Every structure is written in C-alpha cells, then in structure tokens.
Ligand SMILES: Cc1ncc(COP(=O)(O)O)c(C=O)c1O
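Protein chains in written order, with the working numbering: chain F, 715 to 1103; chain U, 435 to 594.
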C-alpha cells in the first residue's frame, strides 16, 4: 500500500506539551501549574446569554464572516480598548478561536517559500501552521536580558528578501512578556522599512498588569499591514466556546473569509450570541479576574524572589517564566523530575522553542490556595536540588 | 487600595497581613494602618464567620419575616426598628420598599422558638399591623459564597 500520509504533515514534530501531557495523564494524583486556560468559569451573564440563544432557537448557521451584531460589538470594543477603527462589514471575521485566525491568516497570505518570522519562546501553533501553509518558519530567539521583548535589532537581523510576515506574540505565552508603546515603536519602523506584514496575536490583551495593552495596529500606517487576532478564550474565560476574531485590511480578510467559508462555514452560533453579551456588559467581570490574576502574579514574583530563583517580572497573560539554569539540567529533565518527585506538573520552557530551554512556564490560572500548595512542593524540590550539588 | 483590601477581607476576614501586602503590591504597615483606620471609621463593622450550621450538626432554623407597620409620629420607622433589632436572636432588620415595611431575619433553635418570637414579641408591638413568616428550607448561597457542592474542575492538567 502507498504511504497514506502527507510528508508535510509527518515532518511536523509533535508538540513538546503533548509529550508532557502524556506523562502527566499517567499520574492521576498530580497537581498542576501547567494549564494555559483560565480557572474562572465563564461569567454567568455570558453563559445565560448562550442558554437564552438556544431557547430562542438560534441553532442555525450565521453568515460566514460572523453575526453582524457581534462584528459591530467587536469594532466598538477595539475602538474603545486599543483605539483602532475597523469596518464591521469588510474588515472583521469571527473565527473558531484565535487558533483559526492564526491558521487562515497564514494560509491567506503565504506563497511557497515565503518566510515567517516567529519570535520565540511563543505559542506552539505559529510554526506548524506556517509549515502547513507552505511558508518557511524563521524563529527569532528572544532574550531574557530584554525580558523576552522583541528588539528592532533582532528583527532587522532576521529579515531576508523572502521575509513576508512577522508574528507578534504579545502579551506572550509562555513568558508573560508585554510590548509597551515605546518597545513597539522601533519595531514598527523596521516592519515598514522592509514592507512586512504583521500577524499580531493579542489573545491576552485584557490580561496586562500596570500598563494597558497597546496594539501594533494602532500605529500610524500599521492597520494596513496588520492582521489583529483576538478572541474570548482568555480575557473572558471562554476557552471551550471556541470563539475568536481577526481584523485587518479587507483584501486579506475577504480571502480569509473564503478559506473559512469552505473549511469551517461559520463559528458556533450560540457562542457568537454569548460573546455579544461579553463585549457589551462584562467590563466589571473581566476587571475582577484581572485583579485576581494580578494578585497571584505578585504572589509568585515575591515567592520566587524569596527562594532566590532568577525570574524577571512578567506584566501580561497568566504565566511566569523562571530560569532553572542554576540546576544544570534541561527544562524537560527538571519538569520530569519535579513531576515524579513532587507530583506537580509544569511545562518545560523548551516546549515553546529552543530558546525556552533553561526556563519553566508556570501558570497562575489557579487560586492562591492551590498556588501555595504547589509552591511549597516547588521550594522543597529546589532545596533538594541545591543540596545535591 | 481600600477597596481592594475590603474586597479581600469581605471574603476572607482571617487576614495574613504579610500575604495581603504581597498580593496588593504594598507593605504590611500600609495594610495594617488602612485596616485600623477603616475599623475606626466603622467602614469595617465586624469580622464574621460563615458557618454551615447544618454540617456542624447544630439544629438551627432561620426565618425571614415580613413586617408591616404604621410609622409613628416624629420617629418614622426608626423607633420600631430599634424595638425589633435589640432582640439578640434577630440577625438583621432592613427597611424595605414595596409591599411591606421591615424585613427581619432571625435565627432560632427550632420552629417553635421562632413562632413564639413572632407571636409574643413581634406581633404585640403596637405599631406592627401584620407579619408573614418564611422559614428557610435550604441555603444555596450565603454572603456571596455558594454552599452547595460544586463539581470539580474539568480542566486538563497540561494545555498549551
Ligand atoms: C498566545 C495564544 N494564542 C492563541 C491561543 C489560542 O486560543 P483560542 O483558539 O482558544 O482563542 C492561545 C491558547 O492557549 C494562546 O496562548
């Protein structure tokens, strides 16, 4: 029989997280700091709206690009939050999570051989989605000394005549790093100079602490060359609803709608109705979650400092990314031993790119009580490692 | 800062000052001073414990009593409310808009005890023209805390 599989697909390595997930699932009594989704339930008024949409019989397809009401709310929200103005009718598409937005943006824009710059450590899907879209992923290793922000020099050095797209993964999963307006300015200059396009994954835009999120699309001349990806999973605690959106120039969005129309048809209808409520009436609920994350963030920063662990202070998402280089083992070894000896799951930094080696991703999408238990074990573990040395 | 402290201790009055200071990004002295000041100003009026008496195996019955009254000259409702809230078994007394005037919540050991309170203490007050007593059969949520058992977390242990 012939090989049924595509080489393109088989060439993609399984995700480092998946590997770790398999180990953890063998261990039913393990606790975890390894989760990339909120611990909060979706705010009740959003759930109620989803239920109500079912009661009203909203069980049909919506138009391909999404429910008009929702697209209008998305535009108002982006205007209010990041000061970028989109036309709901031609510049917005509602997707199945930010995930689909990333996928179809790449597919709509790439020709074979086009290079995509992917700052790492970063979310696991940019690279395989680029490969599946026949692009060539070019990782840019970010540095701890820059708090894992992208610098203009790093960007400039990675650009070739084939470079077409820059992925901007901020606020960042797994580092918690953010890019402020001042950080973005020089990057924007380079992007314009080399006529690049940007896919800006702003899924964590609600979750910043201290500074408000700044979208790269809000810079002069950038809306034309940016696909802004966002969604409801993180800020509104709606991971299972599978709903996100992408906004950008209408020539690109209309081609994305074409792919979406053939591959997906439309995003889940009841999720779309619920999301209208999320954007209209949930500022307070979101604010409460942000405040809770911020308290946990301060708690972890404080605890790691107390333990003498090297760690920069993250200002976004719900992750902290401490260095474990002092222990002289790979992050996978560290995570595996930690899991076996103390039954706590964390994700090795290397799962997010080679330059994540030497770090751990610790999620604070957990209650303070849960964090305390896990940190007690963490401290015991690193004391043991230090005494072994 | 005050609002954040209050939000925290509203749910958890057993404060670890050091921890609270870390969570709010400030120092212990500031938190302690703010709390002391708010106690003085009677913004913080007391520290209570939320107890599920059923679970503790202590027999107790709670009731909500609607009370209709005729307000008294010069004193409005305040004087009548005082006559009611001074009873130690009374938990809360609220002046209410709508169909009746005062809402009284009461804890007693038995139904009989509460009935006696209504018939012997409450109803005889001259200004009281009528009462309706509702016994609480089950508490689902109290003071913002859900008391019924919630299902465990469905999240997977490791996700990207
Ligand atoms: C950086 C980042 N982008 C996108 C996603 C995908 O989110 P969703 O498809 O649920 O919107 C995630 C989820 O973990 C993420 O961390």
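Just so you know, even glycine gets a beta-carbon here, dropped at the ideal spot from N, CA and C. Predicted, not measured: the structure shown is a model, and the values here were computed from it.
With fewer than 16 neighbouring CB atoms inside 10 Å of its own CB, residue 775(F) falls in the exposed class.
Contacts between residue 729(F) and chain U, judged by CB atoms closer than 8 Å, involve 594 in chain order. By the rule that beta-carbons nearer than 8 Å mark a contact, residue 480(U) does not touch chain F.
In this structure, DSSP gives residue 832(F) an extended state, which the three-state scheme calls strand. Inter-residue distance for residue 915(F) and residue 1010(F) is about 24 Å (C-alpha atoms, whole angstroms).
For residue 456(U), the nearest CB of chain F lies under 8 Å from its own CB, placing it at the interface with that chain. Fewer than three Cβ pairs drawn from the stretch 770 to 788 of chain F and the stretch 742 to 756 of chain F lie within less than 8 Å of each other, which leaves the two stretches out of contact. The C-beta distance from residue 883(F) to residue 833(F) rounds to 6 Å, short enough to fall under 8 Å. Per the DSSP secondary-structure output, residue 528(U) pairs in a beta bridge with 537(U).
In this structure, residue 894(F) and residue 925(F) form a Cβ contact; the two beta carbons are roughly 6 Å apart against a cut-off of 8 Å.
In the DSSP assignment, residue 882(F) falls within the unbroken beta strand (DSSP E) covering 877 to 882. At the C-beta level, residue 886(F) and residue 862(F) come within 8 Å of one another. The nearest non-hydrogen atom of ligand 1 is 7 Å or more from the C-beta of residue 892(F). The contact set of residue 591(U) on chain F, defined by CB atoms closer than 9 Å, consists of 735, 738, 739, 741, 744, 745, 746, 748, 749, 1059 in chain order. Residue pairing of residue 945(F) in beta bridges, as defined by DSSP: 958(F).
Taking 8 Å as the Cβ-Cβ cut-off, the stretch 559 to 589 of chain U approaches chain F at 587, 589, given in chain order.
According to DSSP, residue 1034(F) shares a beta bridge with 1076(F). Counted as a single uninterrupted DSSP element, the stretch harbouring residue 568(U) is not any alpha helix (DSSP H) but the beta strand (DSSP E) occupying residues 562 to 569. In chain order, 832, 834, 1067 place their CB closer than 7 Å to the CB of residue 853(F), counting only its own chain and leaving out the 5 sequence neighbours on each side.
Contact annotation for residue 459(U) against chain F: 1012 [CB-CB distance below 7 Å, chain order].
When the beta-carbon positions are compared, residue 1049(F) and residue 734(F) come within less than 8 Å of each other. Residue 815(F) sits close to residue 960(F), with the two beta carbons spaced by under 8 Å. Residues 496 of the same chain have their beta carbon placed closer than 6 Å to that of residue 570(U), with the five preceding and five following residues left out of the count. Those residues having their beta-carbon less than 6 Å away from any non-hydrogen atom of ligand 1 are, in chain order, 750(F), 811(F), 812(F), 813(F), 837(F), 883(F), 887(F), 915(F), 917(F), 945(F), 947(F), 953(F), 958(F), 594(U). For residue 497(U), the enclosing beta strand (DSSP E) covers residues 495 to 503. Taken in chain order, the complete beta strand (DSSP E) segments of 3 residues or longer contained in the stretch 880 to 939 of chain F are 911 to 915.
About 5 Å separates the Cβ atoms of residue 838(F) and residue 594(U), confirming a contact at the 8 Å cut-off.
Fully contained in the stretch 804 to 874 of chain F are the following beta strand (DSSP E) runs of length 3 or more, in chain order: 806 to 809, 829 to 834, 850 to 855.
Here residue 565(U) really is in contact with residue 500(U); their C-beta atoms are around 7 Å apart, less than 8 Å. Taking a Cβ-Cβ threshold of 7 Å, the residues of chain U close to residue 838(F) are 594, in chain order. Taking a C-beta cut-off of 7 Å against chain U, the contacting residues of the stretch 1007 to 1036 of chain F are 1009, 1012, 1013, 1016, listed in chain order. Contact between the stretch 984 to 999 of chain F and the stretch 756 to 763 of chain F is present, with at least three C-beta pairs closer than 8 Å. Nearest in C-alpha terms to residue 1077(F), of all of 1013(F), 1041(F), 1021(F), is 1013(F).
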